[in-house]
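Chains as they are written, first to last, in the working numbering: chain A, 553 to 914; chain B, 1155 to 1447.
In structure tokens form, the structure reads like this:
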């Protein structure tokens, strides 16, 4: 079932949660709504579910106007951040609940319900937990039960509200891969709300990035990562170095990419840490600046360096592979030449200068 | 003390002799207080009631007037408690699950019966339903008796006991949140299913606790009932009123025998309350663990 979100607006007092958001989610697609807290992503999800009503705009489920429809009749499965399992029911009863409360004409027979619950518990790999209570399960197991419970009513749309954010990093990653596998198996149209960019980029078919109630960018994970449409998206999707003023001019006069753009005083250049090149000798074909190594984080496959630009002391983050790091044989205090492989310019970007003021993006 | 000096860190944990003495003194003080003000009076009630022997005790209770007072007390409780359960669930549901104007006013209003003297409560009902009250003439015309009759006693009891269930449920339901109910609604449950399958099982212990409090108060209520009852023996006297009347007639043995019934009722409700508290304690612990994980 497709979901069409048309010009949705929502206001809480003087706070604008959603400001004219339009978005279409295709049949069988896994869409991630990504944004920082307060960006309106959860509100949008709750409006799709029918748990909130918008102040304006409409929701079409499978082409059908559904804005006024109640949550219980929309045929959706909802997975909550804090599981919201029924604490006084066994795992079995939790999963069976949605089938048991169906109207008499639609309700499955006891035998059918039992079979279906067993299948679902098998799907979420909790076969042996049927007679336990939620409090006896770990967070990851509980969230799997919550997913089984949501799938039990054969929803046409599955909505997940930060489902993994209460779990620890390892479980979160496991469940993320597992959710993707389940989605590939069942092809239920799915909307996943998350503030974790890695989660969104890794799991979703497409990602919609929200900021302050507005849609910033929508696209496949790769297109969004490679071509961020705004300074906000650039910054939100990972660590980034911001260059402006003279330093930007020093670096970007011979940049290999985007050379048509003028770097006037108000532009800001964005460079990801792994896009920085490092060398002990001054390269002759590109412009580079001198920096000194402040700190080295050498755990993991990528080595992260904290550098300080010579002269003005601006901090810069760089990332390089283990092999290159060993060739350079850097220790803290070393001087090194730095230049960007590519630099992305945003002109007069208000929010970008805001980022600079906050010292974000290193 | 000498051991304390060798392991300084444990000095704080292990009570010293003075600390131990202080603890003993505090416990003793509390015990003396309890004995003097609570245990002795209860013993006095039973010893007075039984002072003339078991037979007289039994005869004092099996009097027609006392039995009728007992019946009336049970009847009033049987009406007032369910009404309060209904009101309590409705009010706490509304307050904890919805936003509406005047919500904080409503919470304050629920507390009025606790802050107003029961005598005043009784007088308010006389003012409204009494012969010279606002509705008095109309009630007379239709031959309806409220004041100095059973309906007035029920009304006064409902008034005094109305906060008990709601006050138990509101904080409990606030702490629980509405997540499970929202989940149930999304899964297609209608209001009926939602209440019976999700809400009620979750609040049952708090509800039972509030009900016990309301029941014990409605059995023991004196002030408000005294104003509206009219003290008609065998008709409008509840047990507490009967005790007072017997006492004023210098019929001490009968008065204490009747009082012992009320005391017994209190002990029974306290015992049930203790058991229920144990169960809610368990439920609350589980909740806390969930909150932590």
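C-beta atoms are modelled at their ideal positions from N, C-alpha and C, and glycine is treated no differently.
In this text the structure is predicted, and so the values were computed from the model without any measurement.
Which term fits residue i, buried or exposed, when burial requires 16 or more other beta carbons within 10 angstroms of its beta carbon?
i, result
"residue 564/A", "exposed"
"residue 583/A", "buried"
"residue 661/A", "exposed"
"residue 1292/B", "exposed"
"residue 1297/B", "exposed"
"residue 1240/B", "exposed"
"residue 815/A", "Low per-residue confidence applies at residue 815/A: pLDDT is 47, beneath 50, and the placement is therefore not dependable enough to give any value."
"residue 833/A", "exposed"
"residue 1195/B", "exposed"
"residue 695/A", "buried"
"residue 875/A", "exposed"
"residue 587/A", "buried"
"residue 1173/B", "exposed"
"residue 772/A", "exposed"
"residue 774/A", "exposed"
"residue 1371/B", "buried"
For residue i, tell me which candidate among the options has the shortest Cα-Cα distance.
i, options, result
"residue 853/A", "846/A, 845/A, 873/A", "873/A"
"residue 836/A", "863/A, 890/A, 827/A, 882/A", "890/A"
"residue 1261/B", "1238/B, 1321/B, 1387/B", "1321/B"
"residue 1356/B", "1221/B, 1243/B, 1405/B", "1243/B"
"residue 748/A", "839/A, 850/A, 761/A, 783/A", "761/A"
"residue 505/A", "877/A, 759/A, 569/A, 735/A", "The shown model of chain A, from 553 to 914, leaves out residue 505/A, and the question about it has no answer."
"residue 601/A", "591/A, 618/A, 607/A, 592/A", "618/A"
"residue 559/A", "658/A, 737/A, 611/A", "611/A"
"residue 1427/B", "1398/B, 1392/B, 1365/B, 1404/B", "1365/B"
"residue 629/A", "1373/B, 1236/B, 1343/B", "1343/B"
"residue 787/A", "822/A, 732/A, 685/A, 714/A", "822/A"
"residue 737/A", "639/A, 676/A, 831/A", "676/A"
"residue 641/A", "1350/B, 1204/B, 1189/B, 1236/B", "1350/B"
"residue 1208/B", "1421/B, 1411/B, 1419/B", "1411/B"
"residue 782/A", "690/A, 799/A, 752/A, 820/A", "820/A"
"residue 892/A", "857/A, 881/A, 849/A, 828/A", "828/A"
"residue 557/A", "580/A, 567/A, 599/A, 726/A", "599/A"
"residue 562/A", "763/A, 580/A, 596/A", "596/A"
"residue 1308/B", "1390/B, 1211/B, 1191/B, 1399/B", "1390/B"
"residue 1326/B", "1347/B, 1314/B, 1358/B, 1304/B", "1358/B"
"residue 734/A", "868/A, 839/A, 700/A", "700/A"
"residue 621/A", "705/A, 631/A, 608/A, 603/A", "603/A"
Report yes if the CB atom of residue i is closer than 8 Å to the CB atom of residue j, and no otherwise.
i, j, result
"residue 571/A", "residue 766/A", "yes"
"residue 1407/B", "residue 1214/B", "yes"
"residue 709/A", "residue 613/A", "yes"
"residue 1377/B", "residue 1276/B", "yes"
"residue 1430/B", "residue 1280/B", "no"
"residue 1375/B", "residue 1417/B", "no"
"residue 731/A", "residue 755/A", "yes"
"residue 636/A", "residue 698/A", "yes"
"residue 554/A", "residue 592/A", "no"
"residue 627/A", "residue 707/A", "yes"
"residue 884/A", "residue 845/A", "yes"
"residue 803/A", "residue 880/A", "no"
What would DSSP say about residue i, mapped onto helix, strand or coil?
i, result
"residue 917/A", "The requested residue 917/A does not occur in the structure, where chain A is confined to residues 553 to 914."
"residue 1411/B", "helix"
"residue 708/A", "coil"
"residue 1402/B", "helix"
"residue 713/A", "strand"
"residue 740/A", "coil"
"residue 1387/B", "coil"
"residue 746/A", "strand"
"residue 1156/B", "Confidence is the limiting factor: at residue 1156/B the pLDDT is only 44, short of 50, which leaves the residue's position unreliable, though a coordinate-based value still follows. Three-state result, residue 1156/B: helix."
"residue 1330/B", "helix"
"residue 1294/B", "helix"
"residue 883/A", "coil"
"residue 854/A", "strand"
"residue 1202/B", "helix"
"residue 1170/B", "coil"
"residue 793/A", "strand"
Can you pull out the residues from the region 1321–1340 of chain B whose beta carbon lies closer than 8 Å to at least one beta carbon of chain A? 1333, 1334, 1336, 1337, 1338, 1339, 1340
Of all the residues that make up the region 1354–1372 of chain B, which are near chain A by a beta-carbon distance shorter than 9 Å? 1355, 1356, 1358
Contact list for the region 647–664 of chain A against chain B, Cβ threshold 7 Å: 649, 650, 653, 654
Which residues of the region 742–776 of chain A have a Cβ closer than 8 Å to any Cβ of chain B? Give them in chain order. none
Can you pull out the residues from the region 575–606 of chain A whose beta carbon lies closer than 7 Å to at least one beta carbon of chain B? 601, 603
Residues from the region 615–626 of chain A in contact with chain B, defined by Cβ distance under 7 Å: 623, 624
Taking a Cβ distance cut-off of 7 Å, strictly less, list which residues of the region 703–717 of chain A are near chain B, in chain order. 705
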